[in-house]
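Chains as they are written, first to last, in the working numbering: chain A, 1 to 404; chain B, 405 to 675.
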Amino acid sequence: MKDYLILALKNLKHRGIRSWLTLLGIFIGVTAVVALMGLGSGLQAAVGAQFGVSSTQALTVQAGGLNAFGPPGSGAVNKLTRDDVEAIGKLSAIEFATPRNLETAKIEYNDVVIFSMAVSVDDAMEREMYETMDLEAAHGTMLLNDALGRVVIGNNLADGDKNGLDKDIMTGDNILVQDERFKVVGVLKKKGSFMMDSIVLMYQDDLDDLFDYGDEVDVVGVKVKSPELMDRAKEEIERLLRKRRDVDEGEEDFEVSTPDAILETVNSVLGGVKAFIVIIASISILVGALGIVNTMTTSVLERRKEIGIMKAIGGKNGQIFMQFFFESGLLGLVGGIIGAIFGTLISIAGTVAINNFIGAELSPIIDPVLIGGALLGSFIVGSVAGIVPAMNAAKQDPVEALRG
Amino acid sequence: MKNEVTIVRKSVPPKNGDKVGKKEVIRLRNVSKHYPMGDSVVKALSHLEFKVFEGEFVAIMGPSGSGKSTAMNLVGSLDMPTYGTIYLDGEDISEFEESDLAQVRGKRIGFIFQSFNLINNLTVKENVMLPMMFQGTTFEERSDKAEELLRLVELHERMDHYPGEISGGQMQRVAIARSLANDPEVILADEPTGNLDTKTGAIVMEFLEKLNKEGKTVIMVTHDPDLAKEYADVVYWLRDGELEKVTKRNGKKFVDVTKKKKKEAHENGKK
């Protein structure tokens, strides 16, 4: 077996450029698949992070309405209230519910003005909110003990290269939010989300002073008692809010977003894109396989004399079949290897591009199983494509073949 | 069949000193090869009686079109006769499966071709190793044997060269080494000097003669009567697909030992 592999390799080394060109199909197909999977998983992670999917026990509730372009929940016609939050918190599947408001706010620092998202922290449930949103301080501290006049800012907002302020914001610095002075006491850990990494966290009272909210709540962050209760929690909240807001089932003017639901949406969009590319890749691999059939058939014709010689010196049909079969498989494998290399390079380059674009810090997902599978697959495609030509080679009549 | 073999042995007493062995290695019995061509049939070879004993140097002589290539393919069991039987070591080759025949061929017969027929993608050494690979020998054994054989034909220093990098005479010596790879009983050489100049041809012939003296049976196909007369013990003369005569060495001279046959009888018997 090994002998035939070595022999096949030797023969491949002497192949002309025409043989290698027929590998383009396999090459393109494998490149597409490897790049797509490497990037696709990166994209999925990126999009997931944008939606703040971080915990399997957290969900959010927001009022529906004209909020398509504004911050979540803020454009709703019929807003949620603090009473709603309290009622949700009392449901059986729910551990706690925290209210939060958010608003686009004017930030001024280093004599530059930018706009960013100001998010409120409830003074009674800071820790719970940090838990559901998976927030932690990278530097300094989080907002605790009703520290009014202080803010914690997102990681990108603190970074002079990314915040548009041309200067790092350090803990202890003062910034102006809606022309009011606030002291930065902490910087959040990086979240990989464009929005979350540039927020300004402040206490509810402070945000109320800037934007008068009264009783209204934009988003309710909910922690479910256990991950298995996620669906039940969703149902309970929906039933409760339908009743409180007096709407029928199917006509809800609010939305309960579970991480599953968000991921599902993300995945279904990405899935469509993936399916499309996989179809293209499959066609390209099919074309590649036909290319290999073609080049192997030609090769058998060109090497008839060699086949005749091998038969004369004792090569059995099966042995000659094996040699051409492996040669064809290796041809496919070479296409696969080049494709895997290019695909990996593309997914690395693409991830760098995504990172620059959305300010995330994703690494490309290079899955050895996927690459191994792609290589095995291309070897199999090559081998299968080589079956008929290899059978032709084995069937050659020695006398005819020796004549060349 | 066995009976016949005994009869044949009696009828051909060893005349050529101790060189001719007792054992019959190849026999063609009333062999014909016909090729269909359109509506007609080309009779490439008719009623050939041919036998080779162990240790003999046999030449098959004839001009082009005489059927000697066809004869060579049949003798080498590369081809099957249309009529008649071919025995290799007493076994009827038509009874072998295709793949067994390949194996038998690789083991018992070493081929040397006019155009060398080395595989260009393989080094000299790998070419010599190839017949052993088909017999399932381990890599180490093959490697050692190939080096030994290349030393024998004085080409071991070139063993990592490719056939394109060496001269024709050297290629033919590689082919000789390759033909010996599985230690066959018979070396079958088809115009071994046909593509070589006189001088390098003589070197190749010397190797063949040496092998013959060491006990190998050599069957050589050639159109060159001088070559046949110089080296062969027995010469089969073919013309127009038929055996014209058989001559046998007796010292420096050759004597006609053709057995007169009743062709018609065979024809009726076989068809």
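By construction, the Cβ of each residue, glycine as well, lies at the ideal position given by its N, Cα and C atoms.
Fair warning: this is a prediction, and the values are worked out from it, not measured in the lab.
{"Check": "When A/Ile313, A/Ser347 and A/Ala63 are compared against glutamine 507 of chain B, the one with the closest alpha-carbon", "Outcome": "A/Ile313"}
{"Check": "Cross-chain neighbours of methionine 537 of chain B in chain A, by beta carbon under 7 Å", "Outcome": "Asp3"}
{"Check": "Reduced DSSP secondary structure (H/G/I, E/B, other) of serine 257 of chain A", "Outcome": "strand"}
{"Check": "Any chain B beta carbon closer than 7 Å to glutamine 323 of chain A", "Outcome": "no"}
{"Check": "Cβ of glycine 425 of chain B within 7 Å of any chain A Cβ", "Outcome": "Because glycine 425 of chain B carries a pLDDT of 48, less than 50, the predicted location of this residue cannot be relied on, and no value is offered for it."}
{"Check": "Run of the alpha helix (DSSP H) containing leucine 615 of chain B, from where it starts to where it stops", "Outcome": "602 to 617"}
{"Check": "Status (buried if at least 16 other CB within 10 Å, exposed otherwise) for alanine 124 of chain A", "Outcome": "exposed"}
{"Check": "Cβ-Cβ distance between lysine 106 of chain A and phenylalanine 96 of chain A below 7 Å", "Outcome": "no"}
{"Check": "The stretch 591 to 607 of chain B in contact with the stretch 432 to 446 of chain B per 3-pair CB rule at 8 Å", "Outcome": "no"}
{"Check": "Three-pair Cβ contact test at 8 Å for the stretch 302 to 316 of chain A versus the stretch 339 to 355 of chain A", "Outcome": "no"}
{"Check": "Per DSSP, the bridge partner or partners of threonine 405 of chain A", "Outcome": "Nothing about residue 405 of chain A can be reported from this structure: the residues present for chain A run from 1 to 404 only."}
{"Check": "Burial state of alanine 405 of chain A, where buried means 16 or more other Cβ atoms lie within 10 Å", "Outcome": "Since the first and last residues shown for chain A are 1 and 404, residue 405 of chain A lies out of range."}
{"Check": "Chain A within 7 Å of asparagine 521 of chain B, Cβ atoms only", "Outcome": "yes"}
{"Check": "Limits of the unbroken beta strand (DSSP E) element including asparagine 525 of chain B", "Outcome": "First-last for asparagine 525 of chain B: undefined, no H or E at that position."}
{"Check": "Chain A within 7 Å of glycine 421 of chain B, Cβ atoms only", "Outcome": "At glycine 421 of chain B, the pLDDT of 46 sits below 50, so the modelled position is not reliable; the number obtained from the coordinates is stated separately. By this cut-off, glycine 421 of chain B is not an interface position."}
{"Check": "From A/Val187, A/Leu370, A/Val113 and A/Met1, residue whose alpha carbon lies closest to that of threonine 344 of chain A", "Outcome": "A/Leu370"}
{"Check": "Cβ-Cβ distance between leucine 600 of chain B and glycine 573 of chain B below 7 Å", "Outcome": "yes"}
{"Check": "Contact with chain A by phenylalanine 658 of chain B, beta-carbon distance below 7 Å", "Outcome": "no"}
{"Check": "Neighbourhood of lysine 652 of chain B by C-beta distance below 6 Å, restricted to the same chain and skipping five residues each side", "Outcome": "Val638, Val659 and Val661"}
{"Check": "Alpha carbon of tyrosine 640 of chain B to alpha carbon of leucine 534 of chain B, nearest angstrom", "Outcome": "32 Å"}
{"Check": "For serine 436 of chain B, the first and last residue of its enclosing beta strand (DSSP E)", "Outcome": "428 to 441"}
{"Check": "Simplified DSSP state of glycine 186 of chain A, which is helix, strand or coil", "Outcome": "strand"}
{"Check": "Where tyrosine 635 of chain B sits in the DSSP three-state scheme", "Outcome": "helix"}
{"Check": "Residue burial classification, serine 193 of chain A (beta-carbon count within 10 angstroms, cutoff 16)", "Outcome": "buried"}
{"Check": "DSSP-derived helix/strand/coil call for arginine 303 of chain A", "Outcome": "coil"}
{"Check": "Three-way DSSP call (helix, strand, coil) for leucine 165 of chain A in this model", "Outcome": "coil"}
{"Check": "Contact check, valine 622 of chain B vs leucine 612 of chain B, beta carbons under 7 Å", "Outcome": "yes"}
{"Check": "Pair within 7 Å by beta-carbon distance, glycine 471 of chain B and leucine 642 of chain B", "Outcome": "yes"}
{"Check": "Residues near aspartate 173 of chain A by beta carbon distance below 6 Å, same chain, minus five either side", "Outcome": "Val184"}
{"Check": "Environment of isoleucine 292 of chain A [buried if 16+ CB atoms lie within 10 Å]", "Outcome": "buried"}
{"Check": "Those runs of the beta strand (DSSP E) which lie wholly inside the stretch 476 to 534 of chain B and span at least 3 residues", "Outcome": "487 to 492 and 513 to 516"}
{"Check": "Methionine 195 of chain A, DSSP secondary structure in three states", "Outcome": "coil"}
{"Check": "Reference phenylalanine 254 of chain A, options A/Thr22, A/Asn11 and A/Ala63, closest by Cα", "Outcome": "A/Ala63"}
{"Check": "Endpoints, beta strand (DSSP E) assigned at proline 596 of chain B", "Outcome": "Counting along the chain, proline 596 of chain B falls outside any beta strand (DSSP E), and DSSP gives it neither H nor E."}
{"Check": "Extent of the continuous beta strand (DSSP E) run through phenylalanine 461 of chain B", "Outcome": "461 to 465"}
{"Check": "Pair within 7 Å by beta-carbon distance, valine 30 of chain A and alanine 340 of chain A", "Outcome": "yes"}
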